[in-house]
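Please read the structure below before turning to the comments.
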Amino acid sequence: MRADLCPALFGPAVLTEIVPIAYFSEFRCPYCRALERDLDTLLAEDTASFRLIQHELPIFGPASELAARASVAAARQGKQQELRRHFMRTPLVAEPASVLRVATDIGLDVDQLARDMASPEVQADLDRTRALADIFGFIGTPGLVIGRTVLNGAIPYTLLRRIAEDEKSRQTSVC
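The numbering of the sequence shown is the UniProt record's numbering, which starts it at 1 and goes up by one.
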């Protein structure tokens, strides 16, 4: 992974004109909940300049692991962000019944979701995220890689915006 870090971190296609933002988060982390709203604001203000790449980093036990698996599995149906919003914006604690209820509410195929959550592919995705977090020294959440800038922990929106704009102003490719 270290030899070809960019695709693992940002996905296969990193475009020169778009600043990738790799976001390492945990559903039960209160700082992640606040940062997630700030990231939504940043992306809404300038959708053409930034691309968010989600990395689930469950660190608070079985409920976190379950929510992370559901999120990664929901991405396979194109509904990761919708599921994440339900989990991040409510006091919901992830348990099998609540995950299935949210999945049903947002129109996911729950049978496919359950199969995907138990799949080796979802496990591999979570393992990759853990390996990336280790490379960047993320021992907690939230963690961000905005272009070339690495941040661990909560930051105010003004700093997030300033770093994002600085990365956007650079003319060279991130990778």
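We put the CB at the ideal spot given by N, CA and C, even for glycine.
Distance CB(residue i)-CB(residue j) smaller than 9 Å
{"i": "LEU151", "j": "ILE135", "result": "no"}
{"i": "ALA73", "j": "PHE87", "result": "no"}
{"i": "GLU56", "j": "LEU126", "result": "yes"}
{"i": "ARG51", "j": "PHE10", "result": "yes"}
{"i": "ALA8", "j": "ARG148", "result": "no"}
{"i": "ALA22", "j": "ILE53", "result": "yes"}
Straight-line gap, residue i to residue j (C-alpha atoms, nearest Å)
{"i": "GLN80", "j": "GLU26", "result": "14 Å"}
{"i": "ILE146", "j": "PRO20", "result": "6 Å"}
{"i": "SER98", "j": "ALA63", "result": "11 Å"}
{"i": "ASP38", "j": "LEU144", "result": "12 Å"}
{"i": "VAL36", "j": "VAL93", "result": "Before going on, a small fix: residue 36 reads as Glu here, not Val. Their Cα atoms are separated by approximately 18 Å."}
Local conformation of residue i per DSSP, three classes
{"i": "ILE53", "result": "strand"}
Kindly provide the ranges of any alpha helix (DSSP H) runs that are 4 or more residues long and lie completely inside the UniProt domain "DSBA-like thioredoxin" (21 to 161), ordered along the chain. 30 to 45, 62 to 75, 80 to 88, 96 to 105, 110 to 117, 120 to 136
Can we say the stretch 102 to 119 touches the stretch 33 to 45, given the rule of at least three CB pairs closer than 8 Å? no
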